[in-house]
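Below: one structure, written as structure tokens.
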Amino acid sequence: MKIEVKVQPRSSKNAVMRMEDGRLKIKLKAAPVDGEANQELIAYLSSLLKIPKRDIHIASGDTSRNKILSIEGLNEAEFLERCGF
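Residue numbers (the working numbering): 528 to 612.
Now the structure itself:
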């Protein structure tokens, strides 16, 4: 499954906020320095979705706030349900 996300780094907490323009908005505590925000994004989603980190990949947007994630082992309905939507 692929999903578009918009990441907001340097937030006070990690949180999935809402769907915005067809993308999921995710707040992260990490700063966008040396890939820290990307690592935290994968770790946060792994714990939220209860899947291994190896099943989450950044397909595009490594250095952008707008990313496309590839997530194995879940369909879109399961993903949204586990995110609380």
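Using N, Cα and C, we set each Cβ at its ideal position, and we do this for glycine too.
Counting of Cβ neighbours within 10 angstroms places GLU603 among the exposed residues, the total staying below 16. Listed in chain order, the beta strand (DSSP E) runs fully inside the segment 529-578 are 529-535, 542-547, 550-554, counting runs of at least 3 residues. In the three-state scheme derived from DSSP, where H, G and I count as helix and E and B as strand, LEU607 is classed as helix. Your pair LEU596 and ALA586 checks out as a contact, with CB atoms roughly 7 Å apart and the cut at 8 Å.
Distance from the CA atom of LYS533 to the CA atom of LYS594, rounded to whole angstroms, is 6 Å. Straight-line spacing of the CA atoms in GLU608 and ASP582 works out to 18 Å. With contacts defined as CB atoms closer than 7 Å, ALA558 and ARG537 qualify as a contacting pair.
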